[in-house]
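Note sheet for the following structure.
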Amino acid sequence: MHVPSHLLAIIIGLLFPLILSELWSPWWLLLSGLLLALLLRRVRLYRPAFTLVCSLLFGASWALHWHSGQLLQRLPLTLDNQRVIIEARVDGLPEPTAQGWRFQLGDAYLADSGEALPRLRANWFRGEPVAHGEWWRFEASLRRPRGMSNPGSFDYEGWLYAQQIGGLASIRSGEKLGHADPQVFGGWRSALRLRLLDRFSASEQNPRVLALITGDRSVLSREDWQVLQATGTSHLMVISGLHVGILAASVFALFSFLCRCGGLPWPWPRLWLAAPFALCVAALYSALAGFAVPTQRAVLMVALVLGCQLLYRRPGPWALWLAAFCAVLMINPAAPLRAGFWLSFMAVAILLYSFSGRLNPGSWWVRLGLPQWVIFVGLWPWLVLWGMPGSLSAPLVNLFAIPWVGLVIVPMALLGTLVELIAGQDSLLRLAAGCLNGLFHVLEQLAAWQGSRLLAFSDWLSWLSGLAGTLMLLSPLRRLLWPAALACLWGLFFPQQPQPEVGEFWLTVLDVGQGTAVLVQTREHAMLYDAGARFATGFDLGEAVVHPALLALGVRRLDLMLISHADNDHAGGAPAVARLLGVQRVLAGQHEALPEVLDARACQAGEAWDWDGVRLEVVYSAPAPAPANERSCVLRVVAANGSAALLPGDLGIRGEYQMLDRPLQASVLLAPHHGSRSSSSYALIRAVAPEWVVFNAGHHNRFGHPHPLVVERYRELGVEPVYTSRSGAVRFQFGQEVVAEPQWRWRTQARRFWHEP
14 MHVPSHLLAI IIGLLFPLIL SELWSPWWLL LSGLLLALLL RRVRLYRPAF TLVCSLLFGA
74 SWALHWHSGQ LLQRLPLTLD NQRVIIEARV DGLPEPTAQG WRFQLGDAYL ADSGEALPRL
134 RANWFRGEPV AHGEWWRFEA SLRRPRGMSN PGSFDYEGWL YAQQIGGLAS IRSGEKLGHA
194 DPQVFGGWRS ALRLRLLDRF SASEQNPRVL ALITGDRSVL SREDWQVLQA TGTSHLMVIS
254 GLHVGILAAS VFALFSFLCR CGGLPWPWPR LWLAAPFALC VAALYSALAG FAVPTQRAVL
314 MVALVLGCQL LYRRPGPWAL WLAAFCAVLM INPAAPLRAG FWLSFMAVAI LLYSFSGRLN
374 PGSWWVRLGL PQWVIFVGLW PWLVLWGMPG SLSAPLVNLF AIPWVGLVIV PMALLGTLVE
434 LIAGQDSLLR LAAGCLNGLF HVLEQLAAWQ GSRLLAFSDW LSWLSGLAGT LMLLSPLRRL
494 LWPAALACLW GLFFPQQPQP EVGEFWLTVL DVGQGTAVLV QTREHAMLYD AGARFATGFD
554 LGEAVVHPAL LALGVRRLDL MLISHADNDH AGGAPAVARL LGVQRVLAGQ HEALPEVLDA
614 RACQAGEAWD WDGVRLEVVY SAPAPAPANE RSCVLRVVAA NGSAALLPGD LGIRGEYQML
674 DRPLQASVLL APHHGSRSSS SYALIRAVAP EWVVFNAGHH NRFGHPHPLV VERYRELGVE
734 PVYTSRSGAV RFQFGQEVVA EPQWRWRTQA RRFWHEP
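Using this note's numbering, you'd call the opening residue of the sequence shown number 14 and step up by one each time.
So this is what it looks like as structure tokens:
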């Protein structure tokens with residue numbers, strides 16, 4: 014049996030736990046698997062499968078054991094949402110935010126009891142600057158990792174888990190206990206970053222080049238990342254595997270040349286000198302990036318290639334790829350929960366698949382451009398899988414950007430950094446920064462072309478169809494298979510989503526924390542009621558949560574966006590949704606307070622629409638100068654069979670009493686004002702007579718929503734509560750016989766073992 018087969022079996026075993034909703038015990042798996050392997054060994058026909066099963070069991074058992082230990086490193090439930098005094102060491106490069114600092118804490122413990130704490134991700138609002146390696150005493154509020162749970166949204170809990178972060182800390186105050194040790198590599202890396210930042214501050218030059226020197230992504234603004242995503246060049250602005258590989262190859266070639274021409278008096282084979290130096294430079298450069306997954310892959314592949322050269326072995330390229338893939342998974346079985354893992358390895362796999370005797374490059378200009386086209390086509394399904402935008406301009410842009418960054422800017426920046434550290438001269442470093450800023454100027458012009466961006470989201474079946482289509486396009490039989498390939502890709506770009514029947518509608522309450530975003534879908538129409546918040550830090554729930562969720566649910570354009578009122582937790586994300594998705598018209602309870610870009614008009618009580626046999630009616634809207642919450646636009650949606658939903662925004666008791674004479678009966682009620690004590694009167698609940706009430710409030714929110722008295726009031730009247738903070742997004746179907754229960758609760762439906770229940 015060949016080694017690659019065993020590596021593949023181990024990889025499958027290592028990946029297996031990531032599909033589990035509850036983690037299995039590694040010992041039961043190992044025991045049952047060994048019994049199966051022994052049975053296979055006794056039957057001669059299946060004896061070759063014995064070693065493969067053992068490899069599979071080894072990978073799965075190791076991953077289950079690793080994950081079991083990692084789950085034990087989470088913040089204890091007794092400390093969840095508690096304010097405590099901790100002492101900890103700052104770990105990694107701190108990231109400046111719009112109003113403070115974000116950093117990780119290692120070796121943390123409770124100051125009073127000495128109880129050890131897991132690795133923490135901390136946010137310090139308006140805090141003091143911190144540096145890697147410093148010891149601090151903090152007053153902090155601790156929370157277990159928990160993110161919003163919606164279709165198509167970023168898995169924040171999985172992202173934290175992959176970084177082995179077991180808790181979150183909101184810093185209230187801090188006192189420095191000790192300075193960083195400059196002898197530790199991380200402290201040296203932090204000191205280098207601060208020194209170079211001072212240099213760029215003095216020259217008033219954009220310090221983007223630091224992202225290529227120290228792996229510090231915080232020097233790139235939100236606008237920079239948008240430009241990079243729009244042009245398909247995000248991979249160039251981090252210390253990526255491509256940069257590591259180019260640098261290692263350059264060092265190897267340099268030392269080989271010096272030995273060959275007699276520049277270095279080396280009596281032994283030049284490979285013995287060039288290979289170790291190339292590997293050391295690759296490892297050192299990867300360390301500057303904190304050994305991110307793409308650089309791990311690159312260093313491992315460089316080490317494997319150079320090791321085989323030194324041992325005069327000639328393994329195939331796929332064997333080296335599988336070995337590197339397996340090694341990264343053995344180090345961190347949770348690495349596949351980050352997009353960089355798949356994009357890094359799949360880019361190399363696509364090139365191997367396409368150029369291992371399959372594609373004939375032809376002339377020199379085709380050889381130059383073909384790899385970019387192959388990467389563009391081959392990575393598209395993986396970009397779709399992670400909800401990342403692709404770019405039609407990416408092949409052309411990367412054709413000149415990759416050599417410009419990899420062969421000119423990166424060597425110049427590293428050499429300039431070395432000169433600055435030794436001689437204190439920063440001319441070469443500033444020249445590298447100028448070259449990079451010039452590239453950004455070109456990218457900004459290309460990003461302005463709106464047609465250069467595409468974004469498609471699909472279900473698993475459509476995604477697998479698209480993956481098969483790309484493999485056909487890159488196969489030797491592509492001239493015969495291109496019709497089938499295009500048919501497969503059609504499902505990727507235009508996935509067929511289920512839709513309500515005529516007379517029915519679906520109501521999906523999204524999980525946007527302490528805020529509101531509700532999608533109403535009929536057979537041919539879609540509307541959004543509120544759009545979540547936009548925070549002072551720049552984080553926009555309309556862009557990060559609502560837009561991906563709408564795409565995942567099959568919505569490509571909104572016929573109506575109704576903003577209940579102008580509070581940030583209802584209207585903050587509306588401009589982003591309108592910009593990214595397109596909205597035919599916007600109505601609002603406080604239209605004059607919304608951004609002009611929305612072109613909103615006033616919501617009027619009595620307005621109604623009939624969509625595909627479903628009636629939407631505004632049952633209440635107070636004019637100015639009523640308080641903001643009382644101006645909430647209340648919407649009632651009624652299916653053909655009479656079942657209905659009522660969406661009252663942040664309406665308080667005063668407004669509730671004013672609309673009691675209207676038709677309010679509904680099977681599902683969105684709790685007014687997130688379940689605050691100043692809403693949900695007995696009179697309203699009796700008038701609506703709902704079967705279900707949805708509390709759209711944030712987990713451990715500072716307002717204490719929903720109020721326990723309000724929850725008890727609903728239970729007393731026989732109404733079943735649903736909490737988006739516990740269930741994630743929740744969907745109800747109307748128009749069938751009865752609304753018996755939610756069709757799905759996303760936190761349960763998409764649950765994996767690392768998710769909080």
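We put the CB at the ideal spot given by N, CA and C, even for glycine. All of these numbers come straight from a predicted model, not from anything done at the bench.
The straight-line gap separating the alpha-carbon atoms of residue 325 and residue 319 is approximately 10 Å. Note on the segment 673-744: whole beta strand (DSSP E) runs with a minimum of 3 residues are 681-683, 705-708, 733-736, in chain order.
Per the C-alpha coordinates, the member of 91, 737, 385 positioned closest to residue 415 is 385. Residue 185: member of the beta strand (DSSP E) spanning 180-191, first to last residue. DSSP places residue 759 inside the alpha helix (DSSP H), whose first and last residues are 759-762.
Here residue 641 is not near residue 553, since their CB atoms are 8 Å or more apart.
With a cut-off of 8 Å on Cβ pairs, the segment 207-214 is not in contact with the segment 176-193, counting fewer than three such pairs. In the structure shown, residue 747 adopts extended strand secondary structure according to DSSP, grouped into three states.
Residue 523 places its beta carbon 8 Å or farther from that of residue 658.
Cβ neighbours of residue 336 within its own chain (closer than 7 Å, five residues either side excluded): 20, 317.
Counting along the chain, no alpha helix (DSSP H) covers residue 105; the unbroken beta strand (DSSP E) around it starts and ends at 95-110.
In this structure residue 690 is in contact with residue 723, their Cβ atoms being roughly 6 Å apart against a cut-off of 8 Å. Residue 571: not part of any beta strand (DSSP E); DSSP gives it neither H nor E. Among the bridge pairs identified by DSSP, residue 547 is matched with 553.
Residue 142 holds the alpha-carbon nearest to the alpha-carbon of residue 107 among 515, 354, 142. Leaving aside the five residues that flank residue 135 on each side, the residues in its chain whose CB is nearer than 6 Å to its CB run, in chain order, 116, 118, 182, 184. At least 8 Å separates the beta-carbon of residue 434 from that of residue 531. Around the beta carbon of residue 482, a 10 Å sphere encloses 16 or more other beta carbons of the protein chains shown; the residue is thus reported as buried. Two segments are said to touch when three or more pairs of C-beta atoms, one from each, lie closer than 8 Å; by this definition the segment 94-114 touches the segment 138-158.
In summary, residue 171 is buried, with 16 or more beta-carbon neighbours lying within 10 Å of its beta-carbon over all protein chains present. Remark: C-beta atoms of residue 539 and residue 558 do not approach each other more closely than 8 Å. In the three-state reduction of the DSSP assignment, residue 472 falls in the coil class. The residue among 693, 587, 456, 584 with its C-alpha nearest the C-alpha of residue 237 is 456.
Per DSSP, residue 507 lies in no alpha helix (DSSP H) segment and is marked neither H nor E. Here residue 633 is bridged, per DSSP, to 647. With a contact defined as Cβ atoms closer than 8 Å, residue 650 and residue 631 miss out at about 11 Å. Cα atoms of residue 166 and residue 529: separation of roughly 16 Å, rounded to the nearest angstrom. Secondary structure at residue 528: coil, using DSSP grouped into helix, strand and coil. Between residue 33 and residue 766, the CB-CB gap stays under 8 Å. The segment 593-606 makes no contact with the segment 501-515, as fewer than three CB pairs between them are under 8 Å.
By the Cβ neighbour-count rule, residue 500 is exposed, with fewer than 16 other Cβ atoms within 10 Å of its own. In chain order, 419 place their CB closer than 6 Å to the CB of residue 259, counting only its own chain and leaving out the 5 sequence neighbours on each side. Shown here, residue 265 sits in a helix according to DSSP, grouped into three states.
Non-local beta-carbon contacts of residue 401 in its own chain, meaning distances under 6 Å to residues more than five positions away in sequence, are absent.
Contact between the segment 23-38 and the segment 67-84 is established, with three or more Cβ pairs separated by less than 8 Å. Annotation: residue 737 to residue 28 spans about 30 Å, alpha carbon to alpha carbon.
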